[in-house]
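Per the working numbering, the very first residue in the sequence shown carries number 409; after that it's consecutive.
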Amino acid sequence: MASAFAVLNETLPPPGPELVGITALVAAAVVVTAFAVPADGRRSVFYRANFLGTLFHEGGHALVSILTGGGVLRVAIDSPESGGTWSREPSALAAILTIAAGYAMPPLAGLGAAALLHRGLVPAVLTLTLAAMVFLLLFTRDVLTFVVVVAVGAIVFGALRWAPPWLKNGVAYAEAWLLLTSEIGGLRAIVSNRFQDGFGGQEDDAAMLARSTGIPGFVWIAAWFALITWAVWRAVPLLWPV
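Set out below in structure tokens:
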């Protein structure tokens, strides 16, 4: 317990603007690849980084389901931008909160990471990320999800255990930027699907919330976009060195 407490309170010197800028550019490249689909359908390596946001998206569903008195049966990741969480909720309100938490969790987690990084608590960010992967592993039932969760956990654990300070900073700052911006691509996808396939018969989070609450799906999508914008606006001063 004392060792875990020491890790959570360990601080590192803040990185220079070069490292912060590089990690921000990586996140920007990931967002761009989510919008730009090549003619041959082959995505760049940056597209794979969306797995992190998808893990936290599904983790958000799972966590809120448990916190509202429900239970999680299974979490699955199908691709860098899609996944599913099978859960039971004790009430309609719990179901609404659980569904809404998906797109809300990554930017909020990114803002939380930014707040910790602003205080130099890089090991805390990595430790909490590792804990999130262990949490997801409890509900993993398929090979792809297992591989993705273990791969992210291994990268974070390796950085936490063996990496020099500059690399710890790089991994933690890249994670913060990616979480803050990862759901931009996901929201782009559900908006695009509506224009391509029509606004009826949708099965995404916004459509499920619209059926449950009577509030149109585009309102939920706009609310998530607003949340992402707010989280990025609050996080930039925390992440960027003065």
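Cβ atoms here follow ideal geometry from the backbone N, Cα and C, with glycine treated the same way.
Nothing here was measured: the structure is a model prediction, and the numbers come from that model.
*Kindly indicate which three-state DSSP category G622 falls into: helix, strand or coil?*
coil
*Starting from L656, follow the beta strand (DSSP E) in both directions and report where the run begins and ends.*
Outside the shown range of the chain (409 to 650) lies residue 656, about which nothing can therefore be said.
*Contact between the region 497-504 and the region 574-588 (3+ Cβ pairs under 8 Å)*: no
*Tell me, to the nearest whole angstrom, how far the beta carbon of P515 is from that of L587; I am working on the premise that it is less than 8 Å.*
7 Å
*Close-in-space but distant-in-sequence residues of the same chain around L420 (CB under 7 Å, 5 per side omitted)*: G528, V530, P573, K576 and N577
*Where G478 and A470 are concerned, what is the direct C-alpha to C-alpha distance, given to the nearest angstrom?*
9 Å
*Which residues bound the alpha helix (DSSP H) around T548?*
First-last for T548: undefined, no H or E at that position.
*For W494, which three-state DSSP category applies?*
strand
_CA-to-CA distance, A631 to L568, given in whole angstroms_ = 35 Å
*Distance, Cα to Cα, S473 vs R456?*
27 Å
*asked:* Using only the alpha-carbon positions, how far apart do G594 and G424 sit?
replied: 31 Å
*Please state whether DSSP places R527 in a helix, a strand or coil.*
coil
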